[in-house]
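According to numbering that gives the first Met the number 0, the residues represented by the sequence shown are 0 to 811, in order.
The structure appears right after this line, and notes come after that.
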Amino acid sequence: MAPRKNNAPQEVDPAQLDTYFKKRMYEIGITNTAEHFFKVDVDFPGTSYKQQIFTEAKNGNIEIHYPSLYGGPEYIPDSEREFLRTRIHPENQQGDYKYLQEAKSGIHIFFPHGIVEKFSKKKKIKTLFVIEGEFKCFAGYLNGLDIIGIGGKDLFTDGDKESKDLHPDIQKLISVCDVENLVLILDADLFNVTWNPEEDPNKDLSHRHYQFFNTVNRFREVSKGKVKDVYFSHIKEDYLDQAKGLDDLLIYAKDKKQQVIEDLLKLRSSRVFFHTLNLSADTVLKVKEHFKSKFDGGKPAAFYAYHKDIIGEHEFNFLGRRYQYVKEKGLELTKHQDSFKFVRIGVKYFKIIHVPNSKNILEKSLTEWSKPEIKMDYVDKGFPNFFDTIEKYDAVCNVPDNTENYKQVIMDCYNLYQPLDHEITEGSWLTIEGYLRHVFGNTPVGDGSTTTYDIGMDCMQLKYLQPTQKLPIVCLVNKQRNTGKSTFLFLLREIFKENATIIGTQEINDQFNDDWVTKAVIGIDEGFIEKKVVLERIKSQSTNDKVKLRGMYAGRKDVSFFGWFVLTSNDEENFIPIDKEEIRFWVLKVPALQGDDPDLLKKMTAEIPAFLHYLRNRELKHEKKGRFWFHKDLLVTDALLKIKEKSKGWFAAELKEVMQELFFRYKYHTLYYTLTELHNLFNSPGAPVKYRQADIKNQLKEKFDLAPKLGRYHQPVEWDPKSPNLKRTEEKLGRCYEFRIENFLTESEIREELSEWIDFDGIIKARSDKQVVIPIKLDETQILEEEKPPEEPEDRQGAIDFTNKPDESKPF
0 MAPRKNNAPQ
10 EVDPAQLDTY
20 FKKRMYEIGI
30 TNTAEHFFKV
40 DVDFPGTSYK
50 QQIFTEAKNG
60 NIEIHYPSLY
70 GGPEYIPDSE
80 REFLRTRIHP
90 ENQQGDYKYL
100 QEAKSGIHIF
110 FPHGIVEKFS
120 KKKKIKTLFV
130 IEGEFKCFAG
140 YLNGLDIIGI
150 GGKDLFTDGD
160 KESKDLHPDI
170 QKLISVCDVE
180 NLVLILDADL
190 FNVTWNPEED
200 PNKDLSHRHY
210 QFFNTVNRFR
220 EVSKGKVKDV
230 YFSHIKEDYL
240 DQAKGLDDLL
250 IYAKDKKQQV
260 IEDLLKLRSS
270 RVFFHTLNLS
280 ADTVLKVKEH
290 FKSKFDGGKP
300 AAFYAYHKDI
310 IGEHEFNFLG
320 RRYQYVKEKG
330 LELTKHQDSF
340 KFVRIGVKYF
350 KIIHVPNSKN
360 ILEKSLTEWS
370 KPEIKMDYVD
380 KGFPNFFDTI
390 EKYDAVCNVP
400 DNTENYKQVI
410 MDCYNLYQPL
420 DHEITEGSWL
430 TIEGYLRHVF
440 GNTPVGDGST
450 TTYDIGMDCM
460 QLKYLQPTQK
470 LPIVCLVNKQ
480 RNTGKSTFLF
490 LLREIFKENA
500 TIIGTQEIND
510 QFNDDWVTKA
520 VIGIDEGFIE
530 KKVVLERIKS
540 QSTNDKVKLR
550 GMYAGRKDVS
560 FFGWFVLTSN
570 DEENFIPIDK
580 EEIRFWVLKV
590 PALQGDDPDL
600 LKKMTAEIPA
610 FLHYLRNREL
620 KHEKKGRFWF
630 HKDLLVTDAL
640 LKIKEKSKGW
650 FAAELKEVMQ
660 ELFFRYKYHT
670 LYYTLTELHN
680 LFNSPGAPVK
690 YRQADIKNQL
700 KEKFDLAPKL
710 GRYHQPVEWD
720 PKSPNLKRTE
730 EKLGRCYEFR
740 IENFLTESEI
750 REELSEWIDF
760 DGIIKARSDK
770 QVVIPIKLDE
780 TQILEEEKPP
790 EEPEDRQGAI
800 DFTNKPDESK
810 PF
């Protein structure tokens with residue numbers, strides 16, 4: 000059963016127009032709302048009620064009920080809900096919106112009940128008018144016009160902007176009622192241009208004219224062939240101050256209403272109140288001329304003449320080209336719309352183009368363009384002063400600024416860094432926050448007072464507000480798919496716009512770098528960096544303040560470099576070699592997403608203005624402690640340590656296996672071996688690979704910065720607790736390397752498997768306190784302090800660490 004709507008009838012007394020509803024009803028000619036209705040059937044057989052077309056809501060808004068062309072109410076497609084449009088009371092308006100309708104409810108045509116009746120009876124309609132707005136439509140209908148209403152000046156199709164056909168309901172009405180002429184009526188303000196040259200000097204004044212021209216031309220295209228003639232009519236501009244729309248005109252000329260209607264019905268012969276074009280007979284050029292959009296000698300002379308009073312001698316923008324009226328010369332082109340595509344730097348001309356990279360991301364690039372080509376394309380085609388309109392600079396520079404203080408030109412140099420156009424506003428950024436917590440994690444680091452999320456947020460804030468600050472190279476890894484790693488790169492691209500790029504390792508290794516080296520953010524997606532030269536270039540440039548800008552068509556130029564490298568990979572261990580002492584990398588293992596949201600990036604993009612507002616007002620969590628801002632120990636993660644261990648190579652893996660076996664055999668905390676002994680250990684009988692002493696020595700020095708030292712050492716012996724000899728070690732003299740158990744076995748392995756012999760806590764404390772006497776266990780009841788070892792040389796090198804944890808003797 001169709002629900003009954005608000006149907007309280009209202010009589011409109013001209014002497015008592017005390018509500019917005021009554022005032023609007025009076026203006027369109029309604030004296031009693033109950034007289035204008037359509038019938039709505041209900042479930043009970045033979046029962047219906049009268050639905051008034053216009054009703055007043057409790058808040059003063061006007062509800063507009065649409066009759067269906069086929070009888071009854073108009074319904075929202077694929078639903079049982081009636082379509083309703085609401086004219087918002089001026090006091091209830093927020094922003095520029097005057098009308099409301101249900102989201103995704105479709106495009107509907109407003110048919111006055113008299114038109115519906117003619118359709119049902121198949122009465123002929125010679126001339127059918129189409130007008131924007133239900134009130135204008137109803138005013139025309141009450142004054143004898145066969146007229147229908149549309150919700151917007153372009154909404155005469157089914158809603159698809161690319162549609163090449165009229166709305167199906169209009170087509171059906173034309174067919175059934177044998178319509179001969181179809182007329183689109185527009186308001187008197189279609190040529191109205193407002194402009195403040197001081198506040199908005201770059202406003203394109205052609206926009207409104209071309210907007211309406213495109214509307215009319217599209218109406219012509221979708222209507223041709225459907226009727227005999229297609230027309231476009233508008234109220235003459237002479238009436239703009241008194242009557243913008245048809246309803247206003249009928250009120251203004253209330254004593255001449257019949258003359259208004261008769262003039263409109265004359266179509267092309269209308270002269271008094273309307274100007275009408277026959278779109279079936281007139282050419283597109285004729286229509287363009289009517290909209291003052293025709294060029295005369297390459298200049299919009301007609302447009303300028305029409306708006307001379309507001310433009311005067313100011314330079315103005317028309318379709319991207321800039322013109323100015325000059326006394327004794329007339330209208331002159333001061334800048335072509337393509338002038339902005341070119342710059343002259345030094346003595347060479349460059350074109351600003353966008354080229355897709357290997358990741359199909361468009362990158363802005365300055366490409367050298369020959370002067371003869373520019374002359375052929377513009378000067379020889381009627382723009383003799385085109386070269387004069389190209390901006391000229393002495394050199395390029397790269398000066399980042401993401402605030403309102405950004406400058407495109409600095410000391411006559413062209414700034415390669417691009418401005419951000421986000422409109423910063425306070426608001427919610429919950430989607431971004433949730434995503435960044437997913438990417439950065441919330442793992443405590445350092446002394447536990449800060450987390451990986453805090454570090455990540457500081458990185459975002461520093462890159463936005465202090466863009467020249469060096470930051471650690473971020474690596475997001477996980478062998479699983481659907482973690483959202485790549486989405487982080489796309490989010491950075493949306494935040495930093497042209498100043499962020501996503502490339503592959505081939506671009507890093509390429510001899511030309513002008514497509515990425517000037518960027519604030521350099522994302523390398525799914526990188527596997529195996530070539531040493533590529534890795535060294537990334538590491539080197541992450542610390543460089545200057546870099547050579549190399550382009551295909553340009554020589555080498557020094558520019559400032561402040562790029563933040565962000566890498567993603569599905570290889571958690573081998574995607575990049577990282578040395579043990581390397582402090583430039585921050586590696587995070589990003590977990591898999593719990594669900595798949597295809598609109599995640601779209602949602603986050605909408606929140607960027609609010610996110611940037613937060614960053615502008617957020618307080619940094621960390622003080623600057625190094626070149627990459629953060630203390631190096633804060634950047635240590637399990638994922639980083641895993642990569643560092645894998646980066647040690649074949650020797651480190653083999654050494655770890657050998658030493659683990661020895662520690663389990665001797666059940667002792669420290670082992671000492673000469674180079675010859677290590678050579679024998681690595682080359683045991685049956686070993687598949689033989690190692691030379693020189694290789695072992697070089698690996699220990701290069702990979703671990705370790706060297707043997709001559710001295711007296713206490714080397715453990717294989718010990719049987721049942722033996723009466725409780726001595727655990729023998730004195731050993733030689734040039735030995737030192738190996739510590741905590742660097743080869745994990746804490747859990749020592750505690751769980753060797754606790755009977757080794758006091759883990761005692762060892763760690765002794766190492767930390769640099770004690771020369773280290774406690775060892777003999778059995779469950781007896782503790783023996785081993786003999787004092789020889790004094791260590793002051794320059795003794797540190798031991799090798801395989802436990803994937805920071806040196807606990809070094810506080811944060």
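The beta carbon of each residue, even a glycine, is placed where N, CA and C say it ideally should be.
Note that this is a predicted model, so its numbers are computed, not measured.
DSSP places Leu332 in no alpha helix (DSSP H) but in the uninterrupted beta strand (DSSP E) bounded by 329-334. By the beta-carbon neighbour count (other beta carbons within 10 angstroms, threshold 16), Met658 is buried. In this structure, Gly105 is the residue among Ile501, Gly105, Lys655 with its C-alpha nearest to the C-alpha of Asp168. Per DSSP, reduced to three states, the secondary structure at Asp240 is coil, with no helix or strand assignment.
If the five residues before and after Val192 are omitted, its C-beta is found closer than 7 Å to the C-beta atoms of Leu204, Arg207, His306, Ile309, all from its own chain and listed in chain order.
Residue pairing from DSSP places Phe273 in a beta bridge opposite Ile234. With contacts defined as CB atoms closer than 7 Å, Gly733 and Thr673 qualify as a contacting pair.
Residue range 499-502 is occupied by the beta strand (DSSP E) that includes Ala499, with no alpha helix (DSSP H) assigned at that position. Non-local beta-carbon contacts of Val438 in its own chain, meaning distances under 6 Å to residues more than five positions away in sequence, involve Phe487, Val589 in chain order. Closest in C-alpha terms to Thr54, from the list Phe137, Glu79, Thr85, Asn404, comes Thr85.
One Cα belongs to Ile149, the other to His107, and the distance between them is close to 7 Å. Leaving aside the five residues that flank Gln698 on each side, the residues in its chain whose CB is nearer than 6 Å to its CB run, in chain order, Phe650. By the criterion of at least three beta-carbon pairs nearer than 8 Å, the stretch 455-471 is in contact with the stretch 618-635.
A check of alpha carbon separations from Leu83 across His64, Lys462, Leu266, Trp428 identifies His64 as the nearest. Contact check between the stretch 69-79 and the stretch 127-136: fewer than three CB pairs, one atom from each, fall below 8 Å, which does not count as touching.
Taken in chain order, the unbroken stretches of alpha helix (DSSP H) that lie wholly in the stretch 293-321 and span 4 residues or more are 300-305, 307-310.
Under the 8 Å Cβ criterion, the stretch 730-750 counts as touching the stretch 697-711, having at least three qualifying pairs. Across the set Arg320, Thr424, Ala33, Phe703, the C-alpha of Ala33 shows the shortest separation from the C-alpha of Pro8. Here Asp524 is buried: its Cβ has 16 or more other Cβ atoms, across all protein chains shown, within 10 Å.
Just so you know, the alpha carbons of Val226 and Arg270 end up roughly 24 Å apart. Ranked by Cα distance from Ile61, the first of Lys363, Val39, Arg23 is Arg23. Under the three-state reduction of DSSP, Ile149 is assigned to strand. When secondary structure is reduced to three states using DSSP, Ala394 falls in the strand class. With distances taken between CA atoms, Ile27 lies nearest to Cys136 out of Asn91, Tyr324, Asn742, Cys136. For Trp585, the secondary structure class from DSSP, reduced to helix, strand or coil, is strand. Taking C-beta atoms as the reference points, Ile749 and Phe759 count as a pair closer than 7 Å.
For Ile431, the enclosing alpha helix (DSSP H) starts and ends at 429-439. Taken through DSSP and simplified to helix, strand or coil, Pro167 comes out as helix. In this structure, Tyr19 and Gly59 form a Cβ contact; the two beta carbons are roughly 5 Å apart against a cut-off of 8 Å. As DSSP reads the structure, Thr449 sits in a beta bridge with Val444.
Contact annotation: the stretch 138-156 touches the stretch 258-265, with at least three C-beta pairs closer than 8 Å. Put simply, the stretch 169-188 does not touch the stretch 286-302. Fewer than three CB pairs are less than 8 Å apart. Under the three-state reduction of DSSP, Phe349 is assigned to strand. Taking C-alpha positions only, Phe218 is separated from Leu248 by approximately 24 Å. Note that the C-beta distance between Tyr348 and Trp368 is below 7 Å. Here Gly522 carries a strand assignment [DSSP, helix/strand/coil].
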